[in-house]
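Heads up: the structure comes next, in structure tokens.
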Amino acid sequence: MKLNEDITSRAEDITHSALQAAYAGRMAEAKELLADLQPVDAKQFGYAYGQFSQILAFKGQYQEALDLALWLIRELPDPSPIRHYAVIAYSHIGDYESAYQEHTFGIPESDRDEGWHYQQACILSGLGRFPEALLELQTALFGGSIYLGKIWDDPDLSFLWDAIPDAGSDLELRLILSDRWWDVLLVASDLNRPFDELDPGNLKPFSEADRRYFMITPGGPVARLKVEHAIADPDRFLRIFEELMTARITRWMRFKTILTLIRSEQYQLQISNNQEN
Numbered sequence: 000m001k002l003n004e005d006i007t008s009r010a011e012d013i014t015h016s017a018l019q020a021a022y023a024g025r026m027a028e029a030k031e032l033l034a035d036l037q038p039v040d041a042k043q044f045g046y047a048y049g050q051f052s053q054i055l056a057f058k059g060q061y062q063e064a065l066d067l068a069l070w071l072i073r074e075l076p077d078p079s080p081i082r083h084y085a086v087i088a089y090s091h092i093g094d095y096e097s098a099y100q101e102h103t104f105g106i107p108e109s110d111r112d113e114g115w116h117y118q119q120a121c122i123l124s125g126l127g128r129f130p131e132a133l134l135e136l137q138t139a140l141f142g143g144s145i146y147l148g149k150i151w152d153d154p155d156l157s158f159l160w161d162a163i164p165d166a167g168s169d170l171e172l173r174l175i176l177s178d179r180w181w182d183v184l185l186v187a188s189d190l191n192r193p194f195d196e197l198d199p200g201n202l203k204p205f206s207e208a209d210r211r212y213f214m215i216t217p218g219g220p221v222a223r224l225k226v227e228h229a230i231a232d233p234d235r236f237l238r239i240f241e242e243l244m245t246a247r248i249t250r251w252m253r254f255k256t257i258l259t260l261i262r263s264e265q266y267q268l269q270i271s272n273n274q275e276n
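The opening residue of the sequence shown carries number 0 in numbering that gives the first Met the number 0; numbering runs sequentially from there.
This is the structure in structure tokens:
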């Protein structure tokens with residue numbers, strides 16, 4: 000018992016030190032520390048390498064992140080707790096079909112929480128299966144969710160928001176959007192919230208110099224725009240901020256426009272029905 004506790008404690012220390020080095024950009028040091036971990040402590044081994052794969056993605060090393068996630072699945076006798084790292088890595092390189100297969104592999108309905116449904120919405124968005132994506136998103140966000148603040152910034156959901164203007168000719172999309180719940184979602188959106196839950200895909204359009212204005216933090220991991228860097232180069236900071244804000248507002252406005260159109264048509268239909276009666 001004491002031996003197991005010592006192994007776990009050492010693994011936790013290694014994981015903490017390795018990820019701290021990775022967050023600070025000392026990737027070689029992080030890799031050296033991670034090499035001391037053993038699969039015998041599956042929980043720490045999976046968490047440490049899984050988090051490291053996501054940090055690699057934030058550095059723009061998307062294929063390396065995927066290769067590491069797939070290696071991790073092969074190394075562990077029960078990879079089910081860490082399959083989501085491969086799901087995310089596949090999404091980063093645009094392979095949403097593989098992400099879908101990995102995401103739905105062996106997951107019973109009872110284990111599909113809001114996080115699972117949110118990721119499913121992102122994958123279906125990437126696959127162009129927009130009605131299904133909307134339904135999964137509604138399931139994930141219904142009743143409030145920690146993901147509410149991400150939806151207009153999420154690069155995977157951008158495929159869905161870009162397709163929304165064409166909803167007028169898609170009867171299935173129109174039927175889903177006829178639910179008044181979507182109006183509540185629109186109003187609940189805080190367009191002025193800070194950019195503090197960004198994914199690797201949000202950083203793709205920016206140069207290496209621009210990326211220095213973002214900080215990768217635990218809790219995902221996620222990236223945040225470092226407001227404190229605005230003083231160093233105000234013009235560069237403002238350009239980055241405007242690009243992020245323009246993308247956010249454009250997606251929100253597209254959604255608002257189609258909802259307004261659908262509500263207007265519903266109202267006209269109601270008036271027509273009332274007149275006939």
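Note that beta-carbon positions come from the ideal geometry of N, C-alpha and C, so glycine has one too. The model shown is predicted, which means the values in this text are computed figures rather than measured ones.
In terms of DSSP beta bridges, what is F213 paired with?
The partner list for F213 (beta bridge, DSSP) reads L224.
Excluding sequence positions up to five away, which residues of its chain have a Cβ less than 7 angstroms from the Cβ of E28?
A20.
Could you check where the alpha helix (DSSP H) with G218 kicks off and where it finishes?
Neither: G218 is in no alpha helix (DSSP H) and is coded neither H nor E.
Can you give me the start and stop residues for the alpha helix (DSSP H) that A68 sits inside?
Note, A68: alpha helix (DSSP H), Y61 to E74.
Are the CB atoms of A64 and A98 within a distance shorter than 8 angstroms?
No, the pair does not count as a contact, with Cβ atoms beyond the cut-off.
For Q267 and S177, what's the separation of their Cα atoms in angstroms?
Whole-angstrom Cα-Cα distance: 14 angstroms.
Would you decide whether Q62 is buried or exposed? Buried here means 16 or more other CB atoms lie within 10 Å of its CB.
Q62 should be labelled exposed.
Out of H83, R111 and I92, state which residue places its alpha-carbon closest to the alpha-carbon of E101.
Considering only alpha carbons, the answer is H83.
Taking Cβ to Cβ, would you say E113 is nearer than 8 angstroms to L123?
No, they are not a contact pair.
Can you look up L190 in the DSSP assignment and give me helix, strand or coil?
The answer is coil: DSSP assigns L190 none of H, G, I, E or B.
Quick one: give me the first and last residue of the alpha helix (DSSP H) that Y146 is part of.
Run containing Y146: none; DSSP gives neither H nor E here.
Quick one, which of S206, P220, T259 and V221 has its alpha-carbon nearest F236's?
Checking every option, the nearest Cα to that of F236 belongs to S206.
Quick one: residues in its chain with C-beta nearer than 7 angstroms to the C-beta of L202, no 5 flanking neighbours on either side, listed in chain order?
So the qualifying residues of the chain are F57, R210, F213 and A222.
May I have the straight-line CA-CA distance separating L197 from S8, to the nearest angstrom?
Rounded to whole angstroms, L197 to S8 spans 32 angstroms at the Cα level.
Do A41 and L18 have their beta-carbon atoms positioned less than 8 angstroms apart in this structure?
No, the pair does not count as a contact, with Cβ atoms beyond the cut-off.
Please classify L159: does DSSP put it in a helix, a strand, or coil?
L159 falls in the helix class under three-state DSSP.
Could you have a look at L174 and say whether DSSP puts it in helix, strand or coil?
In this structure, L174 counts as helix in the three-state DSSP scheme.
What did DSSP end up calling L36 once you bin it into helix, strand or coil?
DSSP places L36 in coil when its eight states are reduced to three.
Identify the residues that DSSP records as bridge partners of L197: which are they?
Bridge partners of L197: A222.
So, H91 versus G200, is the Cβ gap smaller than 8 angstroms?
In this structure, G200 lies closer than 8 angstroms to H91 by Cβ.
Check each candidate in P164, T249, D35 and I261 and name the one with the smallest Cα separation from I13.
Cα-wise, what sits closest to I13 is D35.
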